[in-house]
Structures are given as structure tokens and as C-alpha cells.
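One structure below.
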Amino acid sequence: MARSYKKLIYQNLSILKKAITFRTSLKNFDRSFCLSSFFIGRSFLVYNGKKFQPVTVLPGMLKQRLGEFSLTRAVFVPKQKKKQIIKKKFKKVKS
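Residue numbers (the working numbering): -8 to 86.
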């Protein structure tokens, strides 16, 4: 069981009001906001400390936090793998 399931449900009232009125994706700085069934199919722009990342709510995401779906750190890829990937792409472009 994930940690967010054990904690209490937290929903910011201002985000709920915006979700009712707006049809487009909502900009959201609150990563601890808990998702409920009302938000299925809606899209959020979640701030990860550098930029806003798009998150669309699916049924499997219920009772989890918005911050769990917006990564704050870049995925580390070693330089050798990057070189191999670039070589493969370059070969495809040449032929």
C-alpha cells in the first residue's frame, strides 16, 4: 500500500471551484491535492519546481496525490547509452 493511501484525503476548495467552472486544464501548484472521482477525465498542469507538466486523471489514479504523477527529477541516463542511442538514430537517418 502506498503512503498516500494511509494519509487523509486533502482537497483544496479553490481547486474544486475552478474545476467546476473551467473546462480547460487547470494550473496547479498544490502537489498534495488528492484526486477524487469528480476529476476523472480532467487535465491538470502540475508544477514540478521548474515547469508545468500535463497530467490527465484516469480511474486508476483515484485517492492518490497529483505530485505522484509529476516527476521533479530528471531520469539519469549514462553517457554511453546516450551515445549509442544517437548512433542508432544517425544510422537510420543516413539509410
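Quick reminder that beta carbons are idealized off the backbone N, C-alpha and C, glycines included.
Note that this is a predicted model, so its numbers are computed, not measured.
Counting along the chain, T47 sits inside the beta strand (DSSP E) bounded by residues F43 to T47.
S27 carries a coil assignment under DSSP once its states are collapsed to helix, strand and coil. Bridge pairing for N19: V37 [DSSP]. S61 counts as buried, since no fewer than 16 other beta carbons sit within 10 angstroms of its beta carbon. Membership of K8 in the alpha helix (DSSP H) is indicated by the continuous run L4 to T12.
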